[in-house]
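*Asks:* I'd like to ask you about the structure that follows.
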Amino acid sequence: MLTGQEVKEKDLQYNLHSWSKQGNLNPIPVAKSEGIYFWDYDGKRYTDMSSQLVNLNLGHGNQAIIAAIKEQAEKLCFIAPSYAVESRSILAEKLIALLPDNIGKVFFTNGGADANENALKMARMFTGRNKVFSRYRSYHGSTFGAGNLTGEPRRYPLEPGIPGFVKFFDPYIYREPIQFESPEKAAAYYVAKLREQIIYEGSNNVAAIVLETVTGSNGVIIPPDGYLQGVRKICDDYGIMMICDEVMAGFCRTGKMFAFEHWNVKPDIVSFAKGITCGYVPLGGVAVSKEIAAYFNDNTLLCGLTYSGHPLACAAGVAALNYYQEADILGNVQKTGKLLGDILDGFKVKHACVGDVRYIGLFSAIELVKDKETREPLVQYGTDPEGIMGRIIKMLVQKGFITYSHENMILVAPPLIITAEQMVEAMAIMDEVLAAVDREFI
Numbered sequence: 001m002l003t004g005q006e007v008k009e010k011d012l013q014y015n016l017h018s019w020s021k022q023g024n025l026n027p028i029p030v031a032k033s034e035g036i037y038f039w040d041y042d043g044k045r046y047t048d049m050s051s052q053l054v055n056l057n058l059g060h061g062n063q064a065i066i067a068a069i070k071e072q073a074e075k076l077c078f079i080a081p082s083y084a085v086e087s088r089s090i091l092a093e094k095l096i097a098l099l100p101d102n103i104g105k106v107f108f109t110n111g112g113a114d115a116n117e118n119a120l121k122m123a124r125m126f127t128g129r130n131k132v133f134s135r136y137r138s139y140h141g142s143t144f145g146a147g148n149l150t151g152e153p154r155r156y157p158l159e160p161g162i163p164g165f166v167k168f169f170d171p172y173i174y175r176e177p178i179q180f181e182s183p184e185k186a187a188a189y190y191v192a193k194l195r196e197q198i199i200y201e202g203s204n205n206v207a208a209i210v211l212e213t214v215t216g217s218n219g220v221i222i223p224p225d226g227y228l229q230g231v232r233k234i235c236d237d238y239g240i241m242m243i244c245d246e247v248m249a250g251f252c253r254t255g256k257m258f259a260f261e262h263w264n265v266k267p268d269i270v271s272f273a274k275g276i277t278c279g280y281v282p283l284g285g286v287a288v289s290k291e292i293a294a295y296f297n298d299n300t301l302l303c304g305l306t307y308s309g310h311p312l313a314c315a316a317g318v319a320a321l322n323y324y325q326e327a328d329i330l331g332n333v334q335k336t337g338k339l340l341g342d343i344l345d346g347f348k349v350k351h352a353c354v355g356d357v358r359y360i361g362l363f364s365a366i367e368l369v370k371d372k373e374t375r376e377p378l379v380q381y382g383t384d385p386e387g388i389m390g391r392i393i394k395m396l397v398q399k400g401f402i403t404y405s406h407e408n409m410i411l412v413a414p415p416l417i418i419t420a421e422q423m424v425e426a427m428a429i430m431d432e433v434l435a436a437v438d439r440e441f442i
């Protein structure tokens, strides 16, 4: 058995890590995990307050999911997607039952990026149109199609991009110089600007509008009331497919099974991943309307993946969906989400560095500023030459609090099984670190 140091040395020697300069890495060698915690080889405990990459909704070591994977492995580890297999059939049925009544079928993928890739292909095939709208502050994946959908700097290596991908801005009210009378007025403004842009791009050329229902890593930007309804109306008016990317926000993360339920809209297409299996086995998918599903009865679906609907992944998905319901995970998210919101609101009052906090369920971000009045970000968009955010995250890690930052935001998105006591204990660490930020960087 390797020591922790040997694990780290071999990792650095042979592995490339995503989104990182390889020479600056110092990964924690992880020995074991359980619930909302994991431990290094020296026995230090870390509280996983980002659910890894906002995917480990049911925490580490969920025995129901593990048992389902073992049982499926004994029966059948793999069969090609062209065959019918029990775990895939049951999972598809369960998903359709959870989704709005306009949704008819599911195409399974390996994760979120290829879910969005295939959602785009289906929308373009169904409509016969080529243009796709997505937002600047979005992240939809790093493969070529999903990366062109992405609006933030992680798309730059893919440029010049694919023709027909058009960007528009989020309803990011905190950073908007316009002072709106109400959230509804803000929603009307952003919807009107989007409609104008659609018209000038040629509405009959637009296949889809793709949105993270709640913008995730780019700041947990929650749409104001009326916004998603307005986008739905634009799509209805012009025959455009509304695609909701629920990869992060889905599966109870926001206090609803799917985030779009908060605004009573029905997308034409829903992409999902992460919380469907909580990372125990990779799985994603695209759920499409009955109308789109019927179209492919007579038209070839030009989508395919070797591991589409992998039996082990689908077994994990069935177990995860059962656990969400049997353990009343939604109830826990609503209860502990309110507690998290109260704590974050307190930070906004208490700490000079906290300009804004945004939260919905157990999906939240703390936005750090140099000045509350001017709202000047602690670090400027797209640059942090002094590595301030990295130093802040390091402070948290040293105290056993695991999460990540993006731009001037710190994400807080713990596993959905977290208790009130665990929340209070973990957020006390965040309180200490924010006090240090007040002293050292403001």
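All residue numbers for the sequence shown refer to UniProt numbering, where the first residue is 1 and numbers rise by one.
Beta carbons: idealized from backbone N, C-alpha and C, even for Gly.
Does the beta-carbon distance from residue 266 to residue 100 come in below 7 Å?
*Replies:* yes
*Asks:* State yes or no: is the C-beta of residue 275 within less than 7 Å of the C-beta of residue 337?
*Replies:* no
*Asks:* Between the Cα of residue 213 and those of 96, 126, 85 and 271, spot the shortest distance and give me the residue it belongs to.
*Replies:* 271
*Asks:* Identify the continuous beta strand (DSSP E) that holds residue 34 and give its terminal residues.
*Replies:* 30–34
*Asks:* State buried or exposed for residue 302, treating a residue as buried only when at least 16 other CB atoms are found within 10 Å of its CB.
*Replies:* exposed
*Asks:* If you drop the 5 nearest sequence neighbours on each side, which residues of the same chain put their C-beta closer than 6 Å to that of residue 444?
*Replies:* Past the boundaries of the shown model lies residue 444; the chain is included only from 1 to 442, so the question cannot be answered.
*Asks:* Could you round the C-beta distance between residue 4 and residue 48 to whole angstroms and report it? I think they count as a contact, below 8 Å.
*Replies:* Wrong, their Cβ atoms sit about 18 Å apart, outside the cutoff.
*Asks:* If you draw a straight line from the C-alpha of residue 208 to the C-alpha of residue 268, how long is it?
*Replies:* 9 Å
*Asks:* Measuring CB to CB, does residue 135 end up less than 7 Å from residue 170?
*Replies:* yes
*Asks:* Hey, residue 257 and residue 95: beta-carbon distance below 7 Å or not?
*Replies:* no
*Asks:* Determine the burial state of residue 152: buried for a count of at least 16 other Cβ atoms within 10 Å of its Cβ, exposed for fewer.
*Replies:* Looking at its Cβ environment, which holds 16 or more other Cβ atoms inside 10 Å, residue 152 is buried.
*Asks:* Would you be able to state if there are at least three C-beta pairs under 8 Å between the segment 424–441 and the segment 68–82?
*Replies:* no
*Asks:* Among residues of its own chain, excluding the 5 on either side of residue 90, which ones have a beta-carbon nearer than 6 Å to its beta-carbon?
*Replies:* 318
*Asks:* In three-state DSSP terms, what is residue 51?
*Replies:* helix
*Asks:* Compare the C-alpha of residue 277 against each of 307, 314 and 219 and name the closest.
*Replies:* 314
*Asks:* As a quick exercise: from 284, 145, 286 and 406, pick the residue whose alpha carbon is nearest that of residue 215.
*Replies:* 406
*Asks:* For a test of your reading of the model: does the CB of residue 158 fall under 6 Å from any non-hydrogen atom of the ligand SAM? Yes or no.
*Replies:* Annotation note on the ligand SAM: not contained in the displayed structure, which lists no ligands.
*Asks:* What are the complete beta strand (DSSP E) segments, minimum 3 residues, inside the segment 282–309?
*Replies:* Counting only runs of 3+ residues, the beta strand (DSSP E) found wholly inside the segment 282–309 occupies 284–289, in chain order.
*Asks:* Here's the rule: buried if 16 or more other CB atoms are within 10 angstroms of the residue's CB, otherwise exposed. What is residue 249?
*Replies:* Residue environment for residue 249: buried (at least 16 other C-beta atoms within 10 angstroms of its C-beta).
*Asks:* Quick check on DSSP: helix, strand or coil for residue 87?
*Replies:* helix
*Asks:* Leaving out the 5 sequence neighbours to the left and right, which residues in its chain are closer than 6 Å to residue 46 when beta-carbon positions are compared?
*Replies:* 38, 400 and 402
*Asks:* Suppose you measure from the CA of residue 393 to the CA of residue 434; what does that come to, to the nearest Å?
*Replies:* Distance from the CA atom of residue 393 to the CA atom of residue 434, rounded to whole angstroms, is 11 Å.
*Asks:* For the beta strand (DSSP E) that residue 314 lies in, which residues bound it at each end?
*Replies:* Careful: residue 314 lies outside any beta strand (DSSP E), inside the alpha helix (DSSP H) at 311–326.
*Asks:* Is the beta carbon of residue 226 sitting closer than 7 Å to the one on residue 273?
*Replies:* no
*Asks:* Excluding the 5 residues flanking residue 320 on each side, which residues of the same chain have their C-beta closer than 7 Å to its C-beta?
*Replies:* 58, 65, 276, 277 and 278
*Asks:* Can you name, in chain order, every residue of its own chain whose Cβ lies under 6 Å from the Cβ of residue 418, other than the five neighbours on each side?
*Replies:* 36 and 336
*Asks:* Tell me whether residue 126 sits in a helix, a strand or coil according to DSSP, three-state version.
*Replies:* helix
*Asks:* Keeping to the same chain, check which residues put their C-beta closer than 8 Å to that of residue 264; ignore five residues upstream and five downstream.
*Replies:* 229
*Asks:* List the DSSP bridge partners of residue 39.
*Replies:* 32 and 45
*Asks:* Hey, residue 238 and residue 203: beta-carbon distance below 7 Å or not?
*Replies:* yes
*Asks:* Compare the Cα-Cα distances from residue 245 to each of 51, 113 and 13 and report the closest residue.
*Replies:* 113
*Asks:* Residue 365 and residue 375 - do their beta-carbons sit closer together than 7 Å?
*Replies:* no
*Asks:* In chain order, what residues of the same chain have a beta carbon less than 7 Å from the beta carbon of residue 395, not counting five sequence neighbours either side?
*Replies:* Closer than 7 Å at Cβ, skipping near neighbours: 433 and 436.
*Asks:* Return the chain-ordered ranges of every alpha helix (DSSP H) run that is complete within the segment 179–239 and spans a minimum of 4 residues.
*Replies:* 183–201 and 227–238
*Asks:* Where residue 290 and residue 380 are concerned, what is the direct C-alpha to C-alpha distance, given to the nearest angstrom?
*Replies:* 45 Å
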